[in-house]
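Numbers in my numbering are just positions in the sequence shown, counted from 1, shifted up by 38.
From the three backbone atoms N, C-alpha and C, an ideal C-beta is built for every residue, glycine too.
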Amino acid sequence: MGHVTAPDRTPPGAPPRLGVHVTDDGVEVAVLAPHAEAVDLCLLDPDPAAPGGWAERRVRLDGPDLGVFAARVPGVRPGQRYGLRAHGPWDPEAGLRFNPAKLLVDPYAYGLVGEVDHGPATYGHVVDDALRGDPYGPADARDSVAHVPHGVVLDRRPGRRGAGDAVDPAANRPYVPWGDTVVYEAHVRGLTLRHPDLPPHLRGTYAALGHPVVVEHLRSLGVTALELLPVHAFSSEPHLVDKGLTNYWGYSTLGFFAPHAPYATAAARAAGPAAVLDELRTAVHALHEAGIEVLLDVVYNHTCEGGLAGQHLSWRGLDSAVYYLHDGGHPAALADVTGTGNSLDFRRPEVVRLALDSLRYWAREVGVDGFRFDLAVTLGRGHAGFDPDHPFLVAAGTDPELHGLKLVAEPWDVGPGGWRTGQFPMPFAEWNDKFRNSVRSFWLADPARAAHGLPEHRVRDLATRLSGSVDLFGHSDPPLARGPRASVNYVTAHDGFTLADLVAYEHKHNEANGEQNRDGSDDNRSWNHGVEGRVGSDSVASDIVPLRRRSIRNLLATLLLSAGTPMITAGDEIGRTQRGNNNAYCQDSDISWVSWDLAPWRQDLLATARHLTALRRAHPALRSTRFYTGRPGPDGRPDLTWFDPAGAAFTHERWHDADLRTLQMLRVAGQDAVLVVVNGSLDPVDVVLAADRPTTWELAWDSTWERPDEARTAAINGALHQDSGTRAVLEPLTLRVYTS
Numbered sequence: 039m040g041h042v043t044a045p046d047r048t049p050p051g052a053p054p055r056l057g058v059h060v061t062d063d064g065v066e067v068a069v070l071a072p073h074a075e076a077v078d079l080c081l082l083d084p085d086p087a088a089p090g091g092w093a094e095r096r097v098r099l100d101g102p103d104l105g106v107f108a109a110r111v112p113g114v115r116p117g118q119r120y121g122l123r124a125h126g127p128w129d130p131e132a133g134l135r136f137n138p139a140k141l142l143v144d145p146y147a148y149g150l151v152g153e154v155d156h157g158p159a160t161y162g163h164v165v166d167d168a169l170r171g172d173p174y175g176p177a178d179a180r181d182s183v184a185h186v187p188h189g190v191v192l193d194r195r196p197g198r199r200g201a202g203d204a205v206d207p208a209a210n211r212p213y214v215p216w217g218d219t220v221v222y223e224a225h226v227r228g229l230t231l232r233h234p235d236l237p238p239h240l241r242g243t244y245a246a247l248g249h250p251v252v253v254e255h256l257r258s259l260g261v262t263a264l265e266l267l268p269v270h271a272f273s274s275e276p277h278l279v280d281k282g283l284t285n286y287w288g289y290s291t292l293g294f295f296a297p298h299a300p301y302a303t304a305a306a307r308a309a310g311p312a313a314v315l316d317e318l319r320t321a322v323h324a325l326h327e328a329g330i331e332v333l334l335d336v337v338y339n340h341t342c343e344g345g346l347a348g349q350h351l352s353w354r355g356l357d358s359a360v361y362y363l364h365d366g367g368h369p370a371a372l373a374d375v376t377g378t379g380n381s382l383d384f385r386r387p388e389v390v391r392l393a394l395d396s397l398r399y400w401a402r403e404v405g406v407d408g409f410r411f412d413l414a415v416t417l418g419r420g421h422a423g424f425d426p427d428h429p430f431l432v433a434a435g436t437d438p439e440l441h442g443l444k445l446v447a448e449p450w451d452v453g454p455g456g457w458r459t460g461q462f463p464m465p466f467a468e469w470n471d472k473f474r475n476s477v478r479s480f481w482l483a484d485p486a487r488a489a490h491g492l493p494e495h496r497v498r499d500l501a502t503r504l505s506g507s508v509d510l511f512g513h514s515d516p517p518l519a520r521g522p523r524a525s526v527n528y529v530t531a532h533d534g535f536t537l538a539d540l541v542a543y544e545h546k547h548n549e550a551n552g553e554q555n556r557d558g559s560d561d562n563r564s565w566n567h568g569v570e571g572r573v574g575s576d577s578v579a580s581d582i583v584p585l586r587r588r589s590i591r592n593l594l595a596t597l598l599l600s601a602g603t604p605m606i607t608a609g610d611e612i613g614r615t616q617r618g619n620n621n622a623y624c625q626d627s628d629i630s631w632v633s634w635d636l637a638p639w640r641q642d643l644l645a646t647a648r649h650l651t652a653l654r655r656a657h658p659a660l661r662s663t664r665f666y667t668g669r670p671g672p673d674g675r676p677d678l679t680w681f682d683p684a685g686a687a688f689t690h691e692r693w694h695d696a697d698l699r700t701l702q703m704l705r706v707a708g709q710d711a712v713l714v715v716v717n718g719s720l721d722p723v724d725v726v727l728a729a730d731r732p733t734t735w736e737l738a739w740d741s742t743w744e745r746p747d748e749a750r751t752a753a754i755n756g757a758l759h760q761d762s763g764t765r766a767v768l769e770p771l772t773l774r775v776y777t778s
């Protein structure tokens, strides 16, 4: 999918294109603001003698026509700074907040410069220096032109953008099949900021993502899709700025079309928004050349403007009643189903169009290969609540420009009926929180309870997750059509403990966030193995360190060997720690940044991760795109069979045995067969290897191994090959993989 050539000018009589579009003699401008009385395009040029330091030429747009104000403005060229001012009633009790003193960001701005300074002038209503005020009170008369970002006109016509036109990242998409996909979730800045093999000027930037050092790490790890935390332009919340913190993760959108400029190199930022965009496009192209797709985590559910008492930056000033979800009361109040103070109103066609236009832009112009939708239930909320046939979900799944791209839902929000895992329509995949909880419980929380004589969970829930979570994703029309690929399996994500912290902390340690450790989840299902936090080699508790490392390997192996689409969190493959912080959204610091200083045990873990992804690639039985039926295939062998420790097929009673913590899973695809043996108990267990037919099993991996090359030791000891029906002893809390 390459460039789609846009007309130089909108044909006479045709509806205008929203945003600012360059023509041969100027620009075409169109802004959606249905309740406004007038909208001005404000052309800005630096002028030290002018109030606020900016000379401003205002052009009154024509309209509204179907809620859109539009005009052709001659003489405006690429690079011009601009903003908008909206005129209309200031009637907050009715949800109308028009204040022309406030310069507004164009929702369709393709480039932004400057930052929000969070002072009183950025609020539409009167606030004091502590930002306190009555959101239903009078409008604030201070001009915000010097306190907010400005849009920048970009020439997006093919052949006229500049150096970036030499690269079309949409033209070399890898189109990796879902069944082969391994996702790697990363933060642009945090992934590379401390990488010693990158040139210092590239660290923490878009350019670093496409550097051979980073590309080679991803390829060697078996990653096929790099999922980036938000790169849409964003702004930090005032309460974080007041504490000297920032919104590090970026879930606070200021512009749905402009890339976040601080992630670009200093040279690109100095050259302007067109160069920032080109840097990102070039990185995407380089990743594509290596066979790696790029997915974006996109936040269409809310914006950076906050709650009713929040800032007046864009959508609130253009038409709060249209863009934001209100509770229907009087005085008008926002309905918050996102936990951020505001929610975009996807009952409105205008909001649906905004999100779809943004998706198409990033797919077409930047070449991204898919999207992970933050709090996606908000995007599917209609007048009666969540609707899997919501117009946005149907449109995204059927849009020709998005065809073949990966669409992934975070299937919940914080509103009524907000948990909807398994209920999104095809072709969406979904984050599987039940996989996360089940795997953590089995390997960590349950053993921690057992160590204190408390009961544990049964093996049946883990078995369901290992085999693709058909209980969640099998309910489609027709049944089972989505397959296990719809389940994006994860044990960790950006939100929560890292893999290394899951085995070292039982309690969150978020003091650095400035909220007295009240923020972040208390449902971690972690296990510190007896001592909270880091344990040094000279500690009296150093004997638990190998057990912690084994637990990490058990979690990682379960993730990579389960049916479904695995997602690794950046740094987990090398033991990254956040020192017990499970909500590091505001930590642009070494708490969040990936450390590439690889101690020997971290090198061993990386080798293990590479070995496990290689096993997944090599064996079709580990990558099924169809749900298992348990029925015999062409060769008479079922595609999935479960065995107990004695080598007998599971019975209904055995699945409900509260004392059983050991099972064998045999998965078959054609001539390929893989046996996964799990011992989740605190004691060694004798296991009779599955004997559905005579088979010589080769031990491909054992979680007791610190490094995969310990297979050589196993071979020397004669333990690498075993016939079906023979006995193997599994150490406590271990997982083995056998191949035939």
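- For residue 358, the enclosing alpha helix (DSSP H) begins and ends at 353-361.
- Beyond the five residues adjoining it in sequence on each side, residue 541 comes within less than 6 Å, by CB distance, of 586, 589, 590 in the same chain, given in chain order.
- In the structure shown, residue 90 falls within a helical segment according to DSSP collapsed to helix, strand and coil.
- Residue environment for residue 630: buried (at least 16 other C-beta atoms within 10 angstroms of its C-beta).
- Less than 8 Å divides the Cβ of residue 221 from the Cβ of residue 603.
- Comparing alpha-carbon positions, the option among 662, 678, 485, 107 lying closest to residue 75 turns out to be 107.
- If only complete runs of 4 or more residues are kept, the region 730-773 shows the alpha helix (DSSP H) at 749-754, in order along the chain.
- With a cutoff of 8 Å on beta-carbon distance, residue 273 and residue 258 are scored as not near each other.
- Three or more Cβ pairs closer than 8 Å define a contact, and the region 126-143 meets that threshold against the region 165-182.
- For residue 244, the enclosing alpha helix (DSSP H) has its first and last residue at 244-247.
- Counting along the chain, residue 702 sits inside the beta strand (DSSP E) bounded by residues 700-707.
- Residue 592 and residue 717 have their C-alpha atoms some 10 Å from each other.
- Taking C-beta separations shorter than 7 Å and ignoring five residues to either side along the sequence, the partners of residue 162 in its chain run 135, 137, 140, 177, 178, 350, 354, 355, following chain order.
- Residue pairing for residue 470: DSSP places it in a beta bridge opposite 527.
- Note that the region 725-737 touches the region 679-688; at least 3 beta-carbon pairs, one per stretch, sit closer than 8 Å.
- In the DSSP assignment, residue 112 falls within the beta strand (DSSP E) that extends over 106-112.
- The beta carbon of residue 151 sits closer than 8 Å to the beta carbons of 119, 187, 188, 190, 299, 310, 311 from its chain, once the five residues preceding and following it are set aside; these are given in chain order.
- At a Cβ-Cβ threshold of 8 Å, residue 479 and residue 503 do not count as neighbours.
- When the beta-carbon positions are compared, residue 740 and residue 772 come within less than 8 Å of each other.
- Under the criterion of beta carbons closer than 8 Å, residue 211 and residue 407 qualify as touching, at roughly 6 Å.
- Contact check for residue 330 against residue 264 passes: the beta carbons are separated by less than 8 Å.
- Contact between residue 260 and residue 651 holds, with the beta-carbon distance rounding to 3 Å and staying under 8 Å.
- Residue pairing by DSSP places residue 423 opposite 420 in a beta bridge.
- Straight-line spacing of the CA atoms in residue 368 and residue 358 works out to 15 Å.
- For secondary structure counted as the beta strand (DSSP E) over 3 or more consecutive residues, the region 554-635 holds these complete runs in sequence order: 603-607.
- The Cβ-Cβ distance between residue 247 and residue 321 falls below 8 Å.
- Counting only the Cα atoms, residue 217 lies some 34 Å from residue 377.
- 8 Å or more divides the Cβ of residue 625 from the Cβ of residue 301.
- Under the DSSP definition of a beta bridge, residue 57 partners with 68.
- Contiguous alpha helix (DSSP H) elements confined to the region 374-400 occur at 387-399, taking only those with 4 or more residues.
- Excluding its 5 nearest sequence neighbours in each direction, residue 64 has C-beta neighbours in its own chain below 6 Å: 111, 112, 113, 114, listed in chain order.
- DSSP, read as helix, strand or coil, puts residue 129 in strand.
- In this structure the region 416-424 lies against the region 437-454, because at least three pairs of beta carbons, one per stretch, are closer than 8 Å.
- According to the DSSP assignment, residue 651 belongs to the alpha helix (DSSP H) that extends over 638-656.
- Of the candidates 584, 526, 568, 601, the residue whose Cα lies closest to the Cα of residue 545 is 568.
- At least 8 Å separates the beta-carbon of residue 712 from that of residue 774.
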